Amino acid sequence: PTVDGDKNSPVYEAVNKESRKNFFIGMHNEFVGTRAPRAAAFVCFKAAEEGGEFLIADGRQIFRDLKTDLVERLYNRNIRYSVMELPFFGWVDNFPEFVRPTAMGALKGLVSAAINAKVDFSVDMQWGEAGYDNTKMLQARAPSQPPILVHPVTGEPHWFCNVHSHSSKLRKDRESIYGAERFEDGASQINKSDMYYGDDGAISDEDLEHMDEVTMKNVQFVKMTEGDVVLLDNYKCMHGRNVFDGTRKHGVAWFEGWTGEEEMKAKAQQSKQAAMA
Numbered sequence: 032p033t034v035d036g037d038k039n040s041p042v043y044e045a046v047n048k049e050s051r052k053n054f055f056i057g058m059h060n061e062f063v064g065t066r067a068p069r070a071a072a073f074v075c076f077k078a079a080e081e082g083g084e085f086l087i088a089d090g091r092q093i094f095r096d097l098k099t100d101l102v103e104r105l106y107n108r109n110i111r112y113s114v115m116e117l118p119f120f121g122w123v124d125n126f127p128e129f130v131r132p133t134a135m136g137a138l139k140g141l142v143s144a145a146i147n148a149k150v151d152f153s154v155d156m157q158w159g160e161a162g163y164d165n166t167k168m169l170q171a172r173a174p175s176q177p178p179i180l181v182h183p184v185t186g187e188p189h190w191f192c193n194v195h196s197h198s199s200k201l202r203k204d205r206e207s208i209y210g211a212e213r214f215e216d217g218a219s220q221i222n223k224s225d226m227y228y229g230d231d232g233a234i235s236d237e238d239l240e241h242m243d244e245v246t247m248k249n250v251q252f253v254k255m256t257e258g259d260v261v262l263l264d265n266y267k268c269m270h271g272r273n274v275f276d277g278t279r280k281h282g283v284a285w286f287e288g289w290t291g292e293e294e295m296k297a298k299a300q301q302s303k304q305a306a307m308a
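Each residue of the sequence shown is one higher than the last, beginning at 32 in this note's numbering.
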């Protein structure tokens, strides 16, 4: 939703809902499929009475701080996100066993066609189980992608991996600190995410905990007040949001680049050539 309700407004509402106040939004870069905005302006219209800090972290430093062997594994195997869960198919287990595979194949095909018609990147549907009762569900997984990118202007490598926000294990760990996510009904049940290797292999708890530790070591808590604006480079800088109490009203606008980028790129190239001389 937009801040003022106008569907044509360039300023979108951040995650301010009361039902999400105890949901710590992990560090991430903004992107959808293969598209990522270059820059963003986050604005505070009203600060929460308690907490709700805007969080930032330098993706270049996170890249440097991670264990080399982990970075190599992730880079060689790529990463993959699940972006949606549809936990509505427990009734399939009521089918006779000899019918079940055919029914599941047909359902997977129908759901895959419907979702791929709505998004501009390829989604792969996979069967799994969810919830305390292991209800049969379909999980939508985005295409495999690298966890590290080279900045389009400076040429610097930086961490561009949303494991901190998307990993179900890390989110579950945070529940012991902030309370349950309250993903209980409607869209909240559907908008659950997780992260895997690009070949769909599981990432170990040890590696996830290391990525969490390195990320949090680099996080800066920015307590914004009314009228404050934070400009950030969406490639270099990750962002998130702390839990809060009270009423919080923040918004964000996305941009395709910065004025003077060509000049910045030329200077970066000159510096690189001078260093190699």
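Beta carbons are placed, not taken as given, at the ideal position from N, Cα and C, and that holds for glycine. If you're wondering where the values come from, they're calculated on a predicted model, not measured in any experiment.
Distance between I93 and E237, taken at the CA atoms: about 17 Å. In the three-state scheme derived from DSSP, where H, G and I count as helix and E and B as strand, H195 is classed as helix.
Across the set L138, M58 and D204, the C-alpha of M58 shows the shortest separation from the C-alpha of G90. If you draw a straight line from the Cα of D100 to the Cα of C192, it comes to about 16 Å. By the beta-carbon neighbour count (other beta carbons within 10 angstroms, threshold 16), N265 is buried. The distance from the Cβ of P174 to that of S153 is about 6 Å, consistent with a contact at the 8 Å cut-off.
Scanning the stretch 67-136 from its first residue to its last, the whole beta strand (DSSP E) runs of 3-plus residues come out as 70-77, 85-89 and 110-117. Our two residues, F126 and V245, have alpha carbons roughly 47 Å apart in a direct line. When rounded, the separation of the alpha-carbon atoms in K267 and T185 is 10 Å. When the five nearest sequence neighbours on each side are left out, the beta carbons in the same chain lying within less than 7 Å of the beta carbon of D155 are those of R172, in order along the chain. In the DSSP annotation of this structure, the continuous segment of the alpha helix (DSSP H) that includes M307 starts and ends at E292 to M307. DSSP lists E81 as the bridge partner or partners of D276.
Of all alpha-carbon atoms in A45, K52 and K48, the one lying nearest the alpha-carbon of V274 is that of K52.
Separation of the CB atoms of A79 and R279 is rounded to 4 Å, and the pair is thereby assigned contact status at 8 Å.
F129 counts as exposed, since fewer than 16 other C-beta atoms from the protein chains shown sit within 10 angstroms of its C-beta.
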